[in-house]
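Residue numbers (the numbering used here): 20 to 374.
Don't be surprised by glycine CBs; every beta carbon is placed ideally from N, CA and C.
The model shown is predicted, which means the values in this text are computed figures rather than measured ones.
Next up, the structure:
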């Protein structure tokens, strides 16, 4: 999703020196000419992991980032870009499977897949566990600076309170913000009802007029650190990072109306040039200690049960990364909208066009 699940379209290419060292669960002697191209969310991997992988396998990693699922989808669908590994969210993975844009993974090449907790398998977008490998999971919610906001925020309605005019960050992701508005109105985040989606868009426009929020992506972390605004819609992992940096300063809440429960997973595009090397990289990421390094850097919930066992009690008890079941009772997983994508796109154009 993410961070969340998410930065201003920053593209970086990482070409790392090689060696012939071997890694646990990896075959030695990777050719220095082997290369994979990974397409991932911004700020969504500890790049030391990439360096270590290259050093241990000889496989170079070209690493590029995207800021939204839709941006990634358009680049993959165009066929002009060749990626070996991409990281869509649940509903987008579902769409890409349906449109034959991804291929089945050879799970025999992923012995570390056994580390994935069973509750994160057989998800709706990949019910037979054929196309995807879970990476991270989380929610979206509201973060606020308790040194500036003395009220207890607990509802999406708080984002429409004129008391906080000029103090709010909204998500620049279409599904997130329309989803928040739909949930606030008592509708499903996956509504395909034209009137409901239209009402959600109208409420976001009303919010713009009356509360003057600023729409941002992952830069919300730096903006919150700088104290520019005290309230924001944020991915749970980004919230966890801020809370760990400044204990006691921030509060993260999953609003009582419910939220989006999201899953980001690795998939291999149909036109991947080096599927075998991509699977080696996937298996490496699934190693419990490697995954822990990643979780420590990113802050999101891990589906890797062996990694979870390695986490400190402080991290395990962080309700931003690992909310209790009661907080998720009204949560929804984003579904592929099918033909209703245009309905959302048109609604979002109306929202973003409003100054």
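At a Cβ-Cβ threshold of 8 Å, residue 316 and residue 71 do not count as neighbours. Rounded to whole angstroms, residue 219 and residue 199 show a C-alpha spacing of 8 Å.
For the pair residue 332 and residue 259, the Cα-to-Cα distance works out to about 14 Å. For residue 202, the closest alpha carbon among the candidates 238, 257, 222 and 303 is that of 222.
In the structure shown, residue 208 adopts coil according to DSSP, grouped into three states. Residue 367 is a Cβ neighbour of residue 193, given a cutoff of 8 Å.
For residue 335, the uninterrupted alpha helix (DSSP H) segment begins and ends at 332-335.
Per DSSP, the beta bridge partners of residue 79 are 54. If you ignore the 5 residues before and after residue 373, its C-beta comes within less than 6 Å of the C-beta of 224 and 227, all in its own chain and listed in chain order. For a cut-off of 8 Å, the C-beta gap from residue 269 to residue 262 is around 5 Å, short enough to register as a contact. DSSP, reduced to helix, strand and coil, places residue 144 outside both helices and strands of the structure shown, so it counts as coil.
Checking the DSSP bridge columns, you'll see residue 158 partnered with 280. Contact fails between the segment 168-177 and the segment 302-315, because fewer than three Cβ pairs, one in each stretch, are under 8 Å apart.
For residue 255, the uninterrupted alpha helix (DSSP H) segment begins and ends at 255-264. Remark: C-beta atoms of residue 190 and residue 95 do not approach each other more closely than 8 Å.
Within its own chain, the residues whose Cβ lies closer than 8 Å to the Cβ of residue 350, once the five positions on either side in sequence are excluded, are 158, 273, 277, 278, 279 and 280, listed in chain order.
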